[in-house]
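Number of protein chains: 2
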Amino acid sequence: MQKQGAVSQMLEGFKIVEGGITSAKGFHASGLYCGIKKKRLDLAWCYSEVPANAAGVYTMNQFQAAPLVVTKASIAVEQKLQAILVNSGVANACTGEQGLRDAYAMRQLLAGHFQIKDEYVAVTSTGVIGDLLPMDKITQGIAQITDWQTCTEPHLFEQAIMTTDLVSKRVAVETIIDGKVITIGGAAKGSGMIKPNMATMLGFVTTDAAVDPHSLQAALRQVTDESFNMIAVDGDTSTNDMVLVLANGMAGNDLLTAEHPEWSKFLAALHHVCQELAKKIARDGEGATKLIEVQVSGARNVEVARGIGKTIIMSSLVKTAMFGKDPNWGRIVCAIGYSGQEMDPNKVEVSLGPINVFKKGVPTHFDEAQAVKYLEEEHIQIFVELGLGETQAVAWGCDLTYDYVRINAAYRT
Amino acid sequence: MQKQGAVSQMLEGFKIVEGGITSAKGFHASGLYCGIKKKRLDLAWCYSEVPANAAGVYTMNQFQAAPLVVTKASIAVEQKLQAILVNSGVANACTGEQGLRDAYAMRQLLAGHFQIKDEYVAVTSTGVIGDLLPMDKITQGIAQITDWQTCTEPHLFEQAIMTTDLVSKRVAVETIIDGKVITIGGAAKGSGMIKPNMATMLGFVTTDAAVDPHSLQAALRQVTDESFNMIAVDGDTSTNDMVLVLANGMAGNDLLTAEHPEWSKFLAALHHVCQELAKKIARDGEGATKLIEVQVSGARNVEVARGIGKTIIMSSLVKTAMFGKDPNWGRIVCAIGYSGQEMDPNKVEVSLGPINVFKKGVPTHFDEAQAVKYLEEEHIQIFVELGLGETQAVAWGCDLTYDYVRINAAYRT
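Here the protein sequences line up with chains A and B, keeping their order. Going by the working numbering, the first residue of the first sequence is number 1, and it counts up by one from there. Going by the working numbering, the first residue of the second sequence is number 1, and it counts up by one from there.
As structure tokens, this is what we get:
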């Protein structure tokens with residue numbers, strides 16, 4: 001049974017470094033308090049010294065929040081961005097015409113302040129659905145930003161984008177392309193879909209690589225399908241999910257496209273950044289005590305492998321069993337069976353970490369005490385081998401706990 | 001906005017009576033203890049004085065338990081059944097060749113004891129996945145049945161099929177067809193998918209109507225799609241789900257087919273029995289404190305209405321909000337948005353009971369205190385109007401509570 005995930009196969013040609021959204025050359029960022037939330041930082045910004053080629057992926061939710069509509073329109077103009085403005089506390093979702101006007105106003109305010117084109121500003125919001133943005137507070141907040149060409153406070157950016165997150169999420173890697181050091185860094189937020197009414201997952205990636213915008217968009221789409229799209233906390237897809245990547249070219253490499261001989265190095269590095277950010281979101285799932293990783297191998301195609309991985313990671317019964325340290329393979333097998341994906345019950349194998357619990361359609365006689373002990377780990381791996389083909393996929397999630405119910409049942413105050 | 005569900009429209013031409021699986025003429029049933037479970041009744045049987053035309057629907061899970069395979073094969077022979085044997089405690093699922101042999105043996109044992117054809121016996125099992133049936137105990141249990149031609153103890157049948165169920169589930173109705181009183185009664189069990197490893201939903205319906213077996217199968221399929229297939233406790237689909245209907249013809253009506261002038265009365269009565277049993281399963285969901293009913297109207301077709309209803313009823317965030325009495329319409333709207341179904345965000349309306357909370361894409365200014373008070377009810381109705389067409393559907397579920405986590409995280413003992 002194949003025990004190696006996709007991650008380790010990609011760990012080539014780049015190195016992981018300490019850092020985040022300001023690690024790539026020419027990027028500055030910070031966060032501040034403008035009064036949208038009660039106490040915590042609630043306005044984050046990021047600025048590139050030069051316009052960056054940009055790409056974005058957005059929620060599949062049909063209720064798409066106003067800032068997503070505006071940011072999509074911005075990127076569409078020149079496929080470039082130079083700044084990002086994020087507010088937390090209010091999502092500006094389900095806010096109708098006024099919400100759209102506010103998102104455009106927010107974009108214009110920052111563009112005016114930074115003296116850049118309107119369409120070079122991405123605006124994003126996360127927080128309560130249905131409330132209008134307090135535009136006066138955002139206006140005052142933007143006025144407080146004085147040092148956007150020099151300031152490097154990624155930790156404040158990371159904090160200012162958080163809602164129910166318990167920990168901030170950053171990652172950075174370096175690689176060498178055309179003999180130049182290329183850095184890719186990022187920050188993300190996300191915990192549950194909404195709490196009490198939150199709209200949620202945001203990812204921001206910056207790089208000093210020079211990348212053709214169409215290739216960048218294709219690359220982001222591809223790595224998102226193997227990272228942000230393979231995590232689930234509760235299976236709810238928010239109205240505000242968005243991942244943006246900005247490539248400002250300051251590293252001085254030749255313009256990267258899919259035809260560039262070192263394209264795969266860039267892709268591997270971007271893949272790692274997105275996957276690590278995604279895993280951090282899964283681990284910080286509301287109420288979670290552990291990260292659950294499901295590796296599905298032996299599938300005939302990637303849709304099957306992903307479909308089964310996501311079905312297992314979203315099963316409330318698997319999630320509660322993991323919380324209870326219960327090596328309850330029946331729930332995993334059951335989820336495989338109702339995934340709707342191609343499989344042969346008589347070929348399926350399931351392992352909890354190193355312990356094979358199910359083989360060719362029947363349970364093994366495994367050591368339960370050993371399995372329980374394994375489930376005490378903070379990072380649980382579930383391996384599923386379908387025995388039908390060569391394709392694999394990995395999904396990440398977390399356990400379902402009393403705290404998830406407590407956090408989400410609490411009446412809004 | 002349409003506030004009337006499909007149920008009330010069907011409440012015509014029949015009356016609800018006190019009763020269950022033995023209410024129709026010629027049906028006998030009881031339950032006993034044979035030692036599969038620690039203390040509670042674990043073996044249930046039902047017998048019809050004459051062979052009954054029969055139909056069944058089965059789980060979509062690709063890991064289909066042995067008793068389902070055997071019962072399907074039995075019905076296929078003559079479309080007739082005369083007896084049902086159910087054991088609880090062990091599901092006989094994921095048990096390979098031996099499991100299949102045991103299910104056939106169980107069928108043969110009861111058939112021999114009742115002196116009827118093997119293929120007239122349906123066998124069903126519910127309980128722990130992966131364990132083999134204790135055939136010696138089942139053999140001894142069958143030997144204890146002495147009064148199958150006279151005994152009428154539906155409450156013992158209902159108890160003997162329970163696993164984590166807190167309450168037994170029965171319903172019966174009467175209608176008049178061809179001037180004859182027709183009775184339809186039923187029993188069901190189901191609570192969560194599996195606990196600790198349980199395989200779960202079973203429904204049994206008996207009627208003394210004379211019904212053509214092909215029409216009966218079509219009718220069961222149709223009402224199942226509007227009843228058992230529209231409930232969700234945790235979204236997990238078990239390996240053992242099965243609904244059987246037996247029509248023994250002892251009421252003396254002319255053989256019912258879809259062409260019979262009173263066919264719709266039979267269908268309405270069968271619909272009611274299945275829907276009530278389904279709602280009782282949803283209400284008895286593991287850890288549930290309330291029944292949640294989602295009525296989706298204004299859809300362009302039934303797949304859309306059902307798809308949105310099921311997405312809402314399965315959302316962990318909607319379920320925790322209902323537990324917390326939080327009128328958190330954002331979570332409902334969000335679920336509609338990610339359902340993948342056809343909708344227009346600007347036409348959607350959402351109401352919590354009588355309180356309209358969302359209208360044409362934006363929140364209303366509703367009275368929160370009134371909404372919180374409404375959510376204290378034990379039966380919550382969520383109305384969604386899509387404003388696109390004339391079709392509606394109803395889905396049922398329950399809230400997600402601390403007890404759900406407690407029940408499902410508890411290590412098997």
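Yeah, the Cβ is synthetic: ideal placement off N, Cα and C, and Gly gets one too.
The beta-carbon of Pro345 of chain B is placed less than 9 Å from the nearest beta-carbon of chain A. Inclusion of Ser88 of chain B and Thr126 of chain B in the CB contact set at 9 Å is warranted, their separation being smaller than that value. The segment 54-62 of chain A makes contact with the segment 235-254 of chain A, as at least three CB pairs between them are under 8 Å. Residues Ser48, Pro51, Ala52, Ala54, Ser74, Ile75, Tyr120, Val121, Ala122, Leu244, Leu246 of the same chain have their beta carbon placed closer than 8 Å to that of Leu81 of chain A, with the five preceding and five following residues left out of the count. Against Met60 of chain B, the close residues of chain A are Tyr338, in the order they occur along the chain (beta-carbon pairs closer than 7 Å). For Lys280 of chain B, no pairing in a beta bridge is given by DSSP. For Leu291 of chain A, the uninterrupted beta strand (DSSP E) segment begins and ends at 291-299.
For the pair Gln381 of chain B and Glu293 of chain B, the CB atoms are nearer than the 9 Å cut-off.
Ile36 of chain A: not part of any alpha helix (DSSP H); DSSP gives it neither H nor E.
Judged by their CB atoms, Gly190 of chain B and Val205 of chain B are not nearer to each other than the 9 Å cut-off. DSSP places Met250 of chain B outside both helix and strand once states are collapsed to three, so it counts as coil. The Cβ atoms of Gly353 of chain A and Phe383 of chain A sit closer than 9 Å to each other. Here the segment 32-41 of chain A does not lie against the segment 98-115 of chain A, with fewer than 3 beta-carbon pairs under 8 Å apart. Nearest in C-alpha terms to Val362 of chain B, of all of B:Cys334, B:Gly179, B:His260, B:Ala210, is B:Cys334. The Cβ atoms of Arg283 of chain B and Leu270 of chain B do not sit closer than 9 Å to each other. For Met162 of chain B and Leu85 of chain B, the gap between their C-alpha atoms comes out near 14 Å. Rounded to the nearest whole angstrom, the CA to CA distance from Leu216 of chain B to Thr224 of chain A is 48 Å. Separation of Arg306 of chain B and Glu342 of chain B (C-alpha to C-alpha, rounded to the nearest whole angstrom) is 12 Å. Closest option to Thr401 of chain B, judged by alpha-carbon separation, among B:Gln370, B:Val173, B:Gly298, B:Met322: B:Met322. With respect to chain A, the C-beta atom of Ala269 of chain B has no partner C-beta closer than 9 Å. Not flagged as an interface residue toward chain A: Ile292 of chain B, since no C-beta distance is shorter than 9 Å. Taking the Cα positions, Thr391 of chain B is about 15 Å away from Asp344 of chain B. Around the Cβ of Glu377 of chain B, a 10 Å sphere holds fewer than 16 other Cβ atoms; the residue is exposed. The way I'd put it, the segment 173-180 of chain A doesn't touch the segment 153-161 of chain A; fewer than three beta-carbon pairs between them come closer than 8 Å. In the three-state scheme derived from DSSP, where H, G and I count as helix and E and B as strand, Glu368 of chain B is classed as helix. At least 9 Å separates the beta-carbon of Glu262 of chain B from that of Lys15 of chain B. According to the DSSP secondary-structure assignment, Tyr58 of chain A is paired through a beta bridge with A:Met242. Exposed is the label assigned to His379 of chain B, since fewer than 16 other Cβ atoms lie within 10 Å of its Cβ.
When DSSP states are grouped into helix, strand and coil, Leu352 of chain B belongs to the strand group. With a beta-carbon spacing of about 43 Å, Thr164 of chain A and Glu259 of chain A fall beyond the 8 Å limit used to define contacts. Within the same chain, Cβ atoms closer than 7 Å to the Cβ of Met135 of chain A are found at Asp102, Ala105, the five residues on either side in sequence being excluded.
With its beta carbon at least 9 Å from every one in chain A, Cys398 of chain B lies outside the interface. Taking 3 residues as the shortest admissible run, the segment 140-181 of chain A contains the following complete beta strand (DSSP E) segments, listed from N- to C-terminal end: 169-177. Here DSSP, grouped into helix, strand and coil, assigns Thr391 of chain A to strand. Looking at the DSSP output, Leu81 of chain A sits in a beta bridge with A:Ala52.
Within 10 angstroms of the beta-carbon of Val167 of chain B lie fewer than 16 other beta-carbons, which makes it exposed.
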